[in-house]
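Colleague:
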Amino acid sequence: GNSVTQMEGPVTLSEEAFLTINCTYTATGYPSLFWYVQYPGEGLQLLLKATKADDKGSNKGFEATYRKETTSFHLEKGSVQVSDSAVYFCACSNFGNEKLTFGTGTRLTIIP
Amino acid sequence: EAGVVQSPRYKIIEKKQPVAFWCNPISGHNTLYWYRQNLGQGPELLIRYENEEAVDDSQLPKDRFSAERLKGVDSTLKIQPAELGDSAVYLCASSLIQTGKYEQYFGPGTRLTVT
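Chains Z and F supply the protein sequences, listed in that same order.
Residue 99 in the numbering used here sits at position 99 of the first sequence, with consecutive numbering throughout.
One gets the numbering used here by counting positions in the second sequence from 1 and adding 112 to each.
1) If distances are taken between C-alpha atoms only, which option among Z:82, Z:81 and Z:55 comes closest to residue 72 (chain Z)?
2) Just to confirm, are residue 187 (chain F) and residue 135 (chain F) a CB contact at a threshold of 9 angstroms?
3) Leaving out the 5 sequence neighbours to the left and right, which residues in its chain are closer than 7 angstroms to residue 81 (chain Z) when beta-carbon positions are compared?
4) Answer with yes or no whether the minimum CB distance from residue 11 (chain Z) to chain F is below 9 angstroms.
5) List, in chain order, every chain F residue whose beta-carbon is nearer than 8 angstroms to that of residue 104 (chain Z).
6) Pick out whichever of F:147, F:190 and F:193 has its Cα sitting closest to the Cα of residue 171 (chain F).
7) Please work out which residues of its chain come closer than 7 angstroms, Cβ to Cβ, to residue 85 (chain Z), disregarding the five sequence neighbours upstream and downstream, and give them in chain order.
8) Give the interface partners of residue 42 (chain Z) over in chain F, defined as CB-CB distance under 8 angstroms, in chain order.
9) Is there a Cβ of chain F sitting closer than 9 angstroms to that of residue 39 (chain Z), yes or no?
10) Chain F partners of residue 89 (chain Z), CB-CB under 7 angstroms?
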């Protein structure tokens with residue numbers, strides 16, 4: 001089955017710092033890739049997605065590019081804010097409505 | 113548009129007791145998922161429904177867990193009897209398969225504590 005390996009946390013950064021959270025996957029075929037975010041006390045929310053190689057997903061200043069050659073989907077943001085503090089999950093699925101396979105999550109804390 | 117609704121939000125029970133969780137998906141979504149999220153881990157699929165049919169229940173511990181989705185809308189997940197290791201957050205998600213869209217929408221979850 002599929003598997004997702006995510007950068008271990010927790011990660012603590014100062015406001016306006018550059019963020020990278022690494023994610024690599026193992027899957028058959030050409031999976032779709034996702035980043036989900038879980039803010040304190042809230043449910044999982046889709047942050048961004050990419051469905052084919054070289055696609056770039058972006059939302060709220062976050063970006064991730066589907067790299068098939070390195071089986072990676074690293075999350076980046078140029079200048080983080082305190083409000084970005086949350087747990088970030090990388091995930092993949094083989095087909096549109098099949099199960100999501102998640103990484104273990106990376107807890108991000110941004111300090112002012 | 114209303115999101116995925118789950119109840120209860122929190123449940124504390126003693127081991128060997130039964131418990132049930134309810135989920136109402138986003139209107140019109142034909143696919144419904146139940147995931148379990150252990151502390152410090154990512155969610156793992158328990159069961160996936162397409163309309164009324166359970167199409168993937170390979171990870172559902174069938175000796176104690178059961179689920180149903182009557183009329184292809186609401187769903188109930190039951191545990192009987194509960195064990196200490198069942199303490200987790202149970203997440204429901206739904207999706208509507210359209211060309212180019214591969215998004216699952218999650219509810220807030222039910223946090224189960226088994227004592």
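We put the beta carbon where it would ideally sit given N, CA and C, even for glycine.
Modeller: Reading from the atomic positions:
1) Distance check between residue 72 (chain Z) and each of Z:82, Z:81 and Z:55 places Z:55 closest, using alpha-carbon atoms only.
2) Judged by beta-carbon spacing, residue 135 (chain F) lies within the 9 angstroms limit of residue 187 (chain F), meaning their Cβ atoms are closer than that value.
3) These residues qualify, in order along the chain: 15 and 110.
4) Between residue 11 (chain Z) and chain F, the shortest Cβ-Cβ separation is not below 9 angstroms.
5) Within chain F, the C-beta atoms nearer than 8 angstroms to that of residue 104 (chain Z) come from 152, 153 and 154, in chain order.
6) Selected option, being the one with the closest Cα: F:147.
7) Cβ neighbours of residue 85 (chain Z) beyond the five flanking positions: 108, 109 and 110.
8) Within 8 angstroms Cβ-Cβ: 220.
9) Any Cβ of chain F closer than 9 angstroms to the Cβ of residue 39 (chain Z) would place that residue at the interface, and such an atom is absent.
10) Neighbourhood of residue 89 (chain Z) in chain F, by CB distance below 7 angstroms: 154, in chain order.
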